[in-house]
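Enquirer: Chains as they are written, first to last, in the working numbering: chain Y, 862 to 1054; chain H, 416 to 806; chain U, 4 to 312; chain V, 2 to 180.
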Amino acid sequence: MVDWRLYEPLINFARKRSMWIVAFCTGCGGIEMPPLMTSRYDLERFGMMPNPAPRMADLFLITGYVTPKTLKRIIITYEMQPDPKYVLAHGSCPLNGGIYWDAYNAIKHLDKYIPVDVAIAGCMPRPEAVMDGIKKIMDLIETGKADGWKRYKENYEYYKKNQDELFGEGWREKTARRWIPWLMGREKKREEE
Amino acid sequence: MVTQEELIREARENGMELLPLEKDTYELFFGPQHMATENYSLILKMDGHRVVKAIANPGFLHRGFEKLAEYRPWHTNIALLLRICVPEPDVPEAIYSMAVDELMGWEVPERAQWIRTTVLEMARVSAYLFWMMGLSFKLGVYTAGQWAAAYRERFMALFEELTGARVYHIYTIPGGVRRDIPGDKWLRQLRDTVEYIKDKLKDFDNLVFENYITYRRLEGIGVMDKKFALNEGVTGPNLRATGVPYDVRRADPYLLYPELDFEVPVLKEGDALARALVRRFEFEQDLYILEQLLDMGPPSGPYKVDHPSLKALPRFRVPAGDAFAHVEATKGDFGAYVVSDGGNKPYRVQIRGPSIAHGIRVIEQLLVGARLADVPVILMSLDNCPPDIDR
Amino acid sequence: MIETALKALFILLYATFVGFMFMGIIRIVTARIHRRVGPPIYQPILDTIKLLSKKSNITHGLIYDFGILYAVGATILAVMFIPLGSIGVLRAYGDLILITFLLEIPMLGIMFAAMSSGNPYAGIGAQRALLTLLAIQVPLGFAIVALAEFYGTFSTYEIVMAQQTMGWSIFHFPLLLAAIAYDLVLQAMFGKEPFDIMIAPGEISLGPMVEFGGKHMGLLQIQHAIALFAETLFFANIFLGGGVVTAFSSSILNTIAGLAVLLVKQVAVLLIATFMGAIFPRFTIDQAAKFYWKWPTIIAALGAVLASL
Amino acid sequence: MAEEVKASWSKGEEIVRMLLEKAPYAEGTVRRERRLEFKVPADRIVDFLRTAKANGFELLLQITAVDWLKEGEIELVYQLFSISHGTHAMVKTRLPRDEARISTVMDIYPVAETYERDAHEFFKVTFEGNPKLEMPWILEDEDREVGVSHRKDFDMLGYVKRKYKLLDRFDEDKENYVI
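#1: Against chain H, which members of the region 273 to 292 of chain U pass a CB distance test of less than 9 Å?
#2: In chain H, what lies closer than 8 Å to F885/Y by C-beta?
#3: In this structure, how does DSSP classify A34/U when only helix, strand and coil are distinguished?
#4: Straight-line CA distance for M83/U to R901/Y?
#5: Between the beta-carbon of G555/H and the beta-carbon of D199/U, is there less than 8 Å?
#6: Could you give the DSSP three-state label for V389/H: helix, strand or coil?
#7: Quick one: any contact between the region 127 to 134 of chain U and the region 204 to 212 of chain U, if contact means 3 or more CB pairs under 8 Å?
#8: In whole angstroms, what separates the C-alpha of P870/Y from that of T1004/Y?
#9: Of all Cβ atoms in chain A, is any one closer than 8 Å to the Cβ of F731/H?
#10: Which residues mark the beginning and the end of the beta strand (DSSP E) in which A89/V is found?
#11: In the DSSP assignment, the beta strand (DSSP E) including N56/V goes from what residue to what residue?
#12: With a 10 Å radius around its C-beta and 16 neighbouring C-beta atoms as the bar for buried, classify F188/U as buried or exposed.
#13: When the cut-off is 8 Å and only beta carbons count, does G959/Y lie next to chain H?
#14: Tell me which same chain residues have a C-beta within less than 7 Å of the C-beta of A281/U, skipping the five on either side of it?
#15: Give the DSSP-derived three-state secondary structure of D864/Y in the structure shown.
#16: Please determine, among L179/U, V141/U, I139/U and L133/U, the residue with the shortest C-alpha to C-alpha distance to F153/U.
#17: So what does DSSP say about D50/U, is it helix, strand or coil?
#18: Only counting the same chain, and skipping five residues up and downstream in sequence, which positions put a Cβ closer than 7 Å to that of S85/V?
#19: How would you call D721/H, buried or exposed, if buried means at least 16 neighbouring beta carbons within 10 angstroms?
#20: Helix, strand or coil for W881/Y, going by three-state DSSP, please let me know.
#21: Would you mind reading off the limits of the alpha helix (DSSP H) that contains F619/H?
#22: Would you kindly report the start and end of the unbroken alpha helix (DSSP H) that includes A564/H?
#23: Let me know the secondary structure DSSP gives W171/U once reduced to three states.
#24: Can you find a C-beta in chain V that's less than 8 Å from the C-beta of G716/H?
#25: Between which two residues does the beta strand (DSSP E) holding S83/V run?
#26: Just the C-alpha distance for E141/V and M999/Y, rounded to the nearest angstrom, thanks.
#27: Looking only at its chain, what residues have a beta carbon closer than 8 Å to the beta carbon of A772/H, apart from the 5 residues adjacent to it on each side?
#28: Which residues mark the beginning and the end of the beta strand (DSSP E) in which K460/H is found?
#29: Residues of the region 926 to 953 of chain Y in Cβ contact with chain V at a cutoff of 8 Å, in chain order, please.
#30: Quick test of the definition: if touching needs 3 or more C-beta pairs under 8 Å, does the region 596 to 613 of chain H touch the region 70 to 89 of chain U?
#31: Does M985/Y get closer than 8 Å to chain H when you measure Cβ to Cβ?
#32: Would you call the CB atoms of N957/Y and K973/Y closer than 8 Å?
#33: When you check each C-beta in the region 501 to 520 of chain H against every C-beta of chain Y, which residues fall closer than 7 Å?
#34: Just the C-alpha distance for S796/H and V106/V, rounded to the nearest angstrom, thanks.
#35: At a CB-CB cut-off below 8 Å, which residues of chain H make contact with H37/U?
#36: Looking only at its own chain, which residues have a Cβ that is under 7 Å from the Cβ of D640/H, when we skip the five neighbours before and after it?
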């Protein structure tokens, strides 16, 4: 047997320096992503790049407020990512609702539904602040403290309870089927005639 | 071997319904986790690589602004409503302030008008650069996109110096603007930036707008005619690409636009290429307008209305009535309808984003028969902005 | 026997390492064209280590795993057939056609895996990849025929040796035409614009790769590195004179010098592809197929006719 | 000064006169330059919009619903814009709050389908003849069942507290807070 713990520092270094981001603009923070990725702030220096497919991504940037409708997709996308995966909440809104503290359609505490590793406050956080948050998550990865994915597995009951309370039981199936009648609708009517 | 009837019966017994699947088509969920849509979803029914049916599924960005605005005082609402349009947040500020000005019966001072016009034009230019970035990324010319994003940063820096914030400026308030221009140095920087961008425009022409492959990709897809566009409430460059010279700055002039000299580019084809080119020509016109404004120079005088109610904002009250104000944003006709019942909060605020017309019915109809590769390009050529729809 | 095995091992390690460096070079050069700093040159290696260290929480069956191995294996086999300077492991009479064929096989393996994942985007991507393969066959075939007609042989090694006396292939007009056609085909093989239709991140989210995560993607990265090396090496061998150096008395020095010469030629091929990719938008699949069946085919066919005269 | 203002208003007055001749059931006023206002009874709204479209009001910009709780009425404002006249017009109509039903204007302005879906979702106005009213729009099904709306009697703070299980500091009287 190979003792993989021997290679842990190398693997952690690789994980730290090669974070691929899920390309999912969940809120208004998405407007600061292009400057971060392009010539002005160039996050590719640190090996980060947006990745269209969640299956091979590591970092989930929650850019801004989260509505329940988006949160359903966020949870599904988050569960699609292979371990280890990290979540970086961007802006005040995922922390406590921010300016939408009394809005009926914005999530107030994101960490009740999925684990958050690093949160950046501010509305909207400047790119420098985001880079600072990324530096922080890199440090956490290097020391092995970015363990949101482990927490999600260990406390799955807690997260699932909160999710079900918000969306109602069986929300996954309901969401998946929601559009089927409207996609099939016209054909069904024709058959009846 | 289980027959189909048995399957259906078994499903019915378990409380489920099996729907007949068609053999030729398949469903494709295009977004919200997709690079081409910004948290906006399209449900496509595909036959091979052709779209048979498209259903738009908005609402991922809905925060209930119109309800929230009824709970916040008049001035606090500016910090809220500008979040409707993320690429150019100055537009909701401006229309809301203009509507409140009309309700208050205020004549905004000339200096404030100059500043508002300049800010709106800067917002237009930066939004067009953002759009160019989006179009280039969707077409695959990543070089042009990266450059456009970098040039937009110059305007972000100017905004930061003027207003103190990069993205959400909260700058235009009822009765004028929040603070004065920082000084002549800022004006010089603005002029330098405008000249720089004007100089760089030919790079974009070479890479995107005069590129053979761009023409092949954009020509003849997503065609709208004049009647269809008017019926569907299409506004802005999308309408002008079908041959209707409707520009709010000309048709319903506001601020300093009656004094400015600019052209309204109009093309007749109505396809994605025409829409892209109209936007490109307008971008040039906006730079020209900024130059004119700089030549004019900011008039002297106060930068906001001198009114006692502006000194005690919690007691700011607006007389009862309603007003509608709209401006020309890069996406189209952006309007606000504000109703007051005389209290310290609005009774009703409705923001009319242009994408509510473009993003639902127009897309659903234009996408029928398009190739899958054209879907992102059509979305981008309409400059669909999901937060407008969802509010 | 041991010597051959050692050679094969050396070729494999060298190809993987240089392939990763090539991927890094592509990313850096692209970043510089974008006026960015760009990642360090060893970034692809870090990516691969990270991907291999990820846990797989889903599998789609045997074919899904097998397709990737098939792709990697085919690429390694292709590398073994191409003469690397004076080092060569496998040699067959008709290896010009064999290598051309082997360089396309990996796509089929990736396609198997993608199709078995059941993701519609992967399915569309695989369809597009197949159509691209079909489109590039015609100009590719004519280019190979032009070479074979000109040199009168189907052996890559003999073509390389013939170039040592006759000068590089691209200095002969018929073969220059073939080289241009082959270079356009290379653009599709590298997956660069304007022919990156099968991955098209803005349209179909990386296409066939959309379902691969963790170790599958890590293996694909290795495959991509070796394929990049093999494709550039093949082009450098058949059109740019290969890397045979006989200036030194010591054979080891000769080999090292040959590798260095080859490296320079490979990087040149790579840079041309990167520059072309930086300035063109993406075609749609039908336009790409029409394009390949028109201009590159005409050029390559003209080359073949001129070569046989 | 006053005469100049009057002169710029005269074009609007002309349009109002022209429209009122064809639709005598409506009331029309000129609010200011390039702003007109019409009041139409709810059952004649389709006729009036058809007349307006035939007379140069090509664009329907928005359908706004305003909930007047005290009067027990819902006001619908059709925001029209005329490119040929360069004039904006608000067409207002009032519906009873308890049974807000009105016929759709989809066949005149097809885009109204979208606006009507929006007004139906948030103000529970039923537009007869619009096939897509029940289609999922912005809100999720569970929110629709609970009755989330933008009507004035919807207790938003209470709903937020219940839904997101928030702390008591949200009980503060929001009338009296200072910015």
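Glycine is no exception: its CB is placed at the ideal position from the N, C-alpha and C atoms.
Expert: Reading it off the structure:
#1: G280, A281, I282, F283, P284, R285, F286, T287, I288, D289 and Q290
#2: P447, Q448 and N454
#3: helix
#4: 44 Å
#5: yes
#6: Limits of chain H in this structure are 416 at one end and 806 at the other, which puts residue 389/H out of reach.
#7: yes
#8: 9 Å
#9: Here chain A cannot be found, since the structure's protein chains are Y, H, U and V.
#10: Looking at the sequence itself, residue 89/V is His, so the reference to Ala does not match. T88 to P97 is the extent of the beta strand (DSSP E) around H89/V.
#11: No residue range can be given for N56/V, since it is assigned to no beta strand (DSSP E) and is classified by DSSP as neither H nor E.
#12: Looking at the sequence provided, one finds Val at residue 188/U rather than Phe. Burial call: buried.
#13: no
#14: T33 and I36
#15: coil
#16: L179/U
#17: If DSSP states are grouped into helix, strand and coil, D50/U belongs with the helices.
#18: G57, listed in sequence order.
#19: exposed
#20: Reduced to three states, the DSSP call for W881/Y is strand.
#21: D599 to F619
#22: That run of the alpha helix (DSSP H) goes Y557 to T578.
#23: coil
#24: Judged by the 8 Å Cβ criterion, G716/H is not in contact with chain V.
#25: Where S83/V is concerned, the enclosing beta strand (DSSP E) stretches over E74 to S83.
#26: Linking E141/V to M999/Y through their CA atoms gives a straight-line distance of about 37 Å.
#27: E647, G648, V649, T650 and G747
#28: S456 to D462
#29: P929 and K930
#30: no
#31: yes
#32: no
#33: V501 and P502
#34: 28 Å
#35: Y557, T558, Q561 and W562
#36: Exclusion of the five residues before and after D640/H leaves T657 and G685 as the residues of its chain whose Cβ lies within less than 7 Å of its Cβ.
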